[in-house]
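First the structure, in the form of structure tokens, and then the observations on it.
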DNA sequence: GCACCAGTTGGACGAACGTCCAAGTAGGTG
DNA sequence: CACCTACTTGGACGTTCGTCCAACTGGTGC
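Protein chains in written order, with my numbering: chain A, 1095 to 1292; chain B, 1095 to 1292.
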């Protein structure tokens, strides 16, 4: 097993542990046990536990929880707002069905953000999310014959923010209906920044 | 010193520690040291460390980080959207100036939410935030001669969600301008749910 | 077949953790 | 003054933590 394979396996195991037991339970021993590795393997693949957790955050950011939005399957007949609402609703449904994963993501993200509170911005980290969502927004507009009056990258950041907020809020109150309502509010607010082409 | 005073002092100390060192650094010893108390005082006032952290979350929810929105000082001449934007921008400015406090709040909230992942909703916890924001929305509408076309409590939850998301997103990318842009996006989206009275 | 080396392992180590409790203290009562 | 109650304390306990390292493994080159 190469070192890179070992790193990937540890990252996958770390994500499972954080999802199941929370960041507080993500100890070196718990993670290597999940990966079926001896304890020493961690410091052979990573300099420290914190390095592993940072790599785990990068991995989960990459594989993109927002990929759930991907199915922009509705066509021209549905309209832009309905198309957006369907995608955003899909994310909420995923959140309700598997909240531990979103919780794990947020825990990892907040943990990493503490180390850089006084540091300059690190644009690279969320850039990929914004780009992916921006592409989805453009795709949805194209599929419904609309154009954006605000640049998609700007709208993408608003979208990511609102989805994060929908997540934390649902985690606090477990109100499924309200979360879906917030998703539709976002869909309508985004659609207000578009024009129907003729 | 009564037990209640002791509890309050410990809660205040816990918040300071979480803000300074993060949830991971909020150990029993660190908190009692911050409070200037002996170690045993914690289990005299609280059943466990987790009970103290839960009480800390309740306290910070109560004292309401959203109180920063309070200054709805703009008048009729400014219009509803501008009034909302001013209040929301004030929150973003507070976030940028003192991110550790918002980070502490989110860490405490996520920590508490993990224990109730499989539990039924706990409406009480965020209810107060929603109510407070709803009152602010009504106040802003009244001050600018507008009426809401969507019930303020519903809009309030969307607002709290978006503010949470603006917070997590800024913590990830430290993009001040983008955070303010999201605040203005929210202000415009809310204002779209209002009518100017005549 | 022997030496060697990169890779791998599990136990050892000191520190820090949450919790508990026996001893100590202060203040009011007989 | 003696006593008792209620409160307060700091140390002790067993566990778990992250990290490190000496021993072990299987391979390859001589």
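Note that CB positions come from ideal geometry on N, CA and C, so glycine has one too.
> What are the start and end residues of the beta strand (DSSP E) that includes residue 1288 (chain B)?
Replying inline: Along the second chain, read from residue 1 onward, the residue named residue 1288 (chain B) stands at position 194. Segment 1288-1290, the beta strand (DSSP E) holding residue 1288 (chain B).
>> List, in chain order, every chain A residue whose beta-carbon is nearer than 8 Å to that of residue 1192 (chain B).
In response: In the second chain, residue 1192 (chain B) corresponds to position 98, counting from 1. In chain order: nothing, as chain A lies at least about 10 Å away.
> Is residue 1117 (chain B) near residue 1125 (chain B), with beta carbons less than 9 Å apart?
Replying inline: As a working mapping, residue 1117 (chain B) is identified with position 23 in the second chain. As a working mapping, residue 1125 (chain B) is identified with position 31 in the second chain. No, the pair does not count as a contact, with Cβ atoms beyond the cut-off.
> Under a Cβ-count criterion, where at least 16 other Cβ atoms within 10 Å of its own Cβ denotes burial, should residue 1189 (chain A) be classed as buried or exposed?
Replying inline: Position 95 of the first chain, counted from the first residue, corresponds to residue 1189 (chain A). Residue 1189 (chain A) should be labelled buried.
> Rounded C-beta distance between residue 1294 (chain B) and residue 1109 (chain B)? I'm assuming under 8 Å.
Replying inline: Lying before the first or after the last residue shown, residue 1294 (chain B) is absent from chain B, which here runs from 1095 to 1292.
> What did DSSP end up calling residue 1262 (chain A) once you bin it into helix, strand or coil?
Replying inline: The residue you call residue 1262 (chain A) lines up with position 168 of the first chain. Of the three classes helix, strand and coil, the one that applies to residue 1262 (chain A) here is helix, per DSSP.
> Can you tell which of A:1236, A:1181, A:1266 and A:1253 has the C-alpha that lies nearest to the C-alpha of residue 1276 (chain B)?
Replying inline: For this step, residue 1276 (chain B) is matched to residue 182 along the second chain. Checked all of A:1236, A:1181, A:1266 and A:1253; the closest Cα to residue 1276 (chain B) is A:1253.
> Once you ignore the five residues that flank residue 1290 (chain A) on each side, which residues in its own chain have a CB closer than 7 Å to its CB?
Replying inline: Sequence index remark: in the first chain, residue 1290 (chain A) carries index 196 (1-based). Contacts found: 1239 and 1240.
>> Looking at residue 1255 (chain A): is its Cβ nearer than 9 Å to the Cβ of residue 1264 (chain A)?
In response: Taking the first residue of the first chain as position 1, residue 1255 (chain A) is located at position 161. Taking the first residue of the first chain as position 1, residue 1264 (chain A) is located at position 170. Cβ atoms of residue 1255 (chain A) and residue 1264 (chain A): not closer than 9 Å.
>> I'd like to confirm the pairing. Which residues does DSSP put opposite residue 1243 (chain A) in its beta bridges?
In response: By one-based count along the first chain, residue 1243 (chain A) stands at place 149. None, per the DSSP bridge assignment.
>> Using only the alpha-carbon positions, how far apart do residue 1225 (chain B) and residue 1278 (chain B) sit?
In response: Within the second chain, numbered from 1, the residue matching residue 1225 (chain B) stands at position 131. Within the second chain, numbered from 1, the residue matching residue 1278 (chain B) stands at position 184. Computed Cα separation, rounded: 22 Å.
> DSSP three-state call for residue 1269 (chain A): helix, strand or coil?
Replying inline: The residue you call residue 1269 (chain A) lines up with position 175 of the first chain. Coil.
>> If distances are taken between C-alpha atoms only, which option among A:1260, A:1206, A:1270 and A:1285 comes closest to residue 1149 (chain A)?
In response: The residue you call residue 1149 (chain A) lines up with position 55 of the first chain. For residue 1149 (chain A), the closest alpha carbon among the candidates A:1260, A:1206, A:1270 and A:1285 is that of A:1206.
>> Using a Cβ-Cβ cutoff of less than 6 Å, which residues in the same chain neighbour residue 1128 (chain A) once the five nearest sequence positions on both sides are dropped?
In response: For this step, residue 1128 (chain A) is matched to residue 34 along the first chain. Apart from the 5 residues on each side of it in sequence, residue 1128 (chain A) sits with its Cβ closer than 6 Å to the Cβ of 1107, 1110 and 1111 in its chain, given in chain order.
> Count the other CB atoms within 10 Å of the CB of residue 1142 (chain B); is the residue buried (16 or more) or exposed (fewer)?
Replying inline: As a first step, residue 1142 (chain B) must be located in the second chain, where it is residue number 48. With a threshold of 16 other beta carbon atoms within 10 Å, residue 1142 (chain B) falls short and is exposed.
>> Less than 9 Å between CB atoms is the rule here; does residue 1123 (chain A) satisfy it with respect to chain B?
In response: For the purposes of this step, residue 1123 (chain A) is taken as residue 29 along the first chain, with counting starting at 1. Not an interface residue.
> So, residue 1262 (chain B) versus residue 1131 (chain A), is the Cβ gap smaller than 9 Å?
Replying inline: On the second chain, position 168 is the one that residue 1262 (chain B) refers to. On the first chain, position 37 is the one that residue 1131 (chain A) refers to. Annotated as distal: residue 1262 (chain B) and residue 1131 (chain A), with beta-carbon spacing of 9 Å or more.
> Going by the CB atoms, is the gap between residue 1282 (chain B) and residue 1201 (chain B) shorter than 9 Å?
Replying inline: Reading the second chain from its first residue, position 107 is the one you call residue 1201 (chain B). Reading the second chain from its first residue, position 188 is the one you call residue 1282 (chain B). Contact: no.
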